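Student: Have a look at this one before I ask anything.
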């Protein structure tokens with residue numbers, strides 16, 4: 001069935017280090033891959049997205065890479081700061097059902 | 113600035129009660145969504161709507177129904193609440209379907225006892 005797997009479920013890093021979260025998807029026709037950040041007690045918010053016609057996208061300290069052949073995409077956060085601590089969700093669009101399927105989330109903790 | 117509001121932040125209901133969760137957006141978005149968020153399971157789509165009076169089933173529609181009589185309002189209905197529907201419910205809206213940013217509401221934490 002349609003699914004998106006996300007790893008790791010928890011990630012702890014020291015401030016200043018990089019963090020990488022990986023997702024794999026099942027639908028080879030998926031063409032839209034957003035990442036949402038949810039701080040504790042707050043609503044999810046889009047931080048970056050990528051479409052299947054590009055392999056990488058950057059926005060300041062965050063970047064997303066997409067490997068369509070392997071059907072996986074990753075979120076990279078460089079120079080992490082305590083305010084990066086949150087739960088991050090990846091998602092992928094499913095072509096046959098026109099739905100967005102979310103991963104199970106990664107809790108990132110950045111220690112000062 | 114997009115604003116999505118939900119009728120309650122916290123709600124406690126008894127098993128068997130009919131429960132209404134309301135969501136309102138003020139940006140004239142065509143598309144609205146209801147998700148359920150549970151620890152370790154991420155965000156799961158319950159129902160969505162692309163237009164007034166239109167509704168489509170998501171991944172977990174059993175036990176739920178929806179209503180969209182006006183463009184700005186999307187209601188989630190639990191016909192007969194059960195304890196396994198205790199969860200965080202998130203509403204979202206977008207202007208261009210699933211391949212565009214979804215703006216989420218603050219969520220309603222529902223407890224069914």
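Residue numbers (the working numbering), protein chains in the order written: chain X, 1 to 112; chain R, 113 to 225. For each residue, glycine too, the CB sits at the ideal point set by N, CA and C. What you are looking at is a predicted structure, and each value in this text was computed from that prediction instead of being measured.
#1: Mind listing the chain R neighbours of residue 43 of chain X? Cutoff is C-beta to C-beta under 9 angstroms, in chain order.
#2: Measure how close the beta-carbons of residue 207 of chain R and residue 142 of chain R come, nearest whole angstrom, since I'm counting them as under 8 angstroms.
#3: Of the choices R:131, R:152, R:161, whose alpha-carbon is the least far from that of residue 181 of chain R?
#4: Identify the contact partners of residue 211 of chain R in chain C, using a Cβ-Cβ distance below 7 angstroms as the criterion.
#5: Indicate whether at least one CB of chain X lies closer than 8 angstroms to the CB of residue 153 of chain R.
#6: Hey, does residue 157 of chain R have any beta-carbon neighbour from chain X nearer than 8 angstroms?
#7: Would you call residue 34 of chain X buried or exposed, if buried means 16 or more other Cβ atoms sit within 10 Å of its Cβ?
#8: How many angstroms separate the CA atom of residue 17 of chain X from the CA atom of residue 81 of chain X?
#9: Got a sec: is the Cβ-Cβ distance from residue 128 of chain R to anything in chain X below 8 angstroms?
#10: Quick check on residue 174 of chain R: does DSSP put it in helix, strand or coil?
#11: Assuming residue 86 of chain X and residue 22 of chain X make a contact with CB atoms under 8 angstroms, what is their CB distance in whole Å?
#12: Tell me the residue span of the beta strand (DSSP E) that contains residue 115 of chain X.
#13: Residues of chain X with CB under 8 angstroms from residue 170 of chain R, in chain order?
#14: Tell me residue 66 of chain X's beta-bridge partners as DSSP assigns them.
#15: Keeping to the same chain, check which residues put their C-beta closer than 6 angstroms to that of residue 105 of chain X; ignore five residues upstream and five downstream.
#16: Among the residues of its own chain, which have a CB less than 6 angstroms from the CB of residue 76 of chain X, if the five just before and after it don't count?
#17: Based on Cα-Cα distance, which residue from X:67, X:60, X:69, X:68 lies nearest to residue 78 of chain X?
#18: Do residue 43 of chain X and residue 145 of chain R count as a contact pair if the criterion is CB distance below 8 angstroms?
#19: Hey, residue 171 of chain R and residue 156 of chain R are a contact pair by Cβ (cut 8 angstroms); roughly how many whole angstroms apart?
#20: For residue 138 of chain R, which residues of its own chain have a beta-carbon under 7 angstroms away from its beta-carbon, when the five flanking residues on both sides are left out?
Tutor: Checking against the coordinates, here is how it stands:
#1: 116, 202, 204, 215, 216, 217, 218, 219
#2: The beta-carbon distance between residue 207 of chain R and residue 142 of chain R, rounded to whole angstroms, is 6 angstroms. This is short enough to meet the 8 angstroms contact definition.
#3: With respect to the C-alpha of residue 181 of chain R, the residue from R:131, R:152, R:161 having the closest C-alpha is R:161.
#4: Looking for chain C here will not work: the only protein chains present are X and R.
#5: So yes, residue 153 of chain R belongs to the interface.
#6: yes
#7: buried
#8: 9 angstroms
#9: no
#10: coil
#11: About 17 angstroms separates the two Cβ atoms, so there is no contact after all.
#12: Outside the displayed range of chain X (1 to 112) lies residue 115 of chain X, so it cannot be described from this structure.
#13: 99
#14: X:73
#15: 87, 89
#16: 20, 63, listed in sequence order.
#17: By alpha-carbon distance to residue 78 of chain X, the top candidate from X:67, X:60, X:69, X:68 is X:60.
#18: With respect to the 8 angstroms criterion, residue 145 of chain R and residue 43 of chain X are not classified as neighbours on the basis of their beta carbons.
#19: Sure, about 5 angstroms apart at Cβ, within 8 angstroms.
#20: Once the five neighbours on either side are set aside, the close Cβ partners of residue 138 of chain R are 115, 184.
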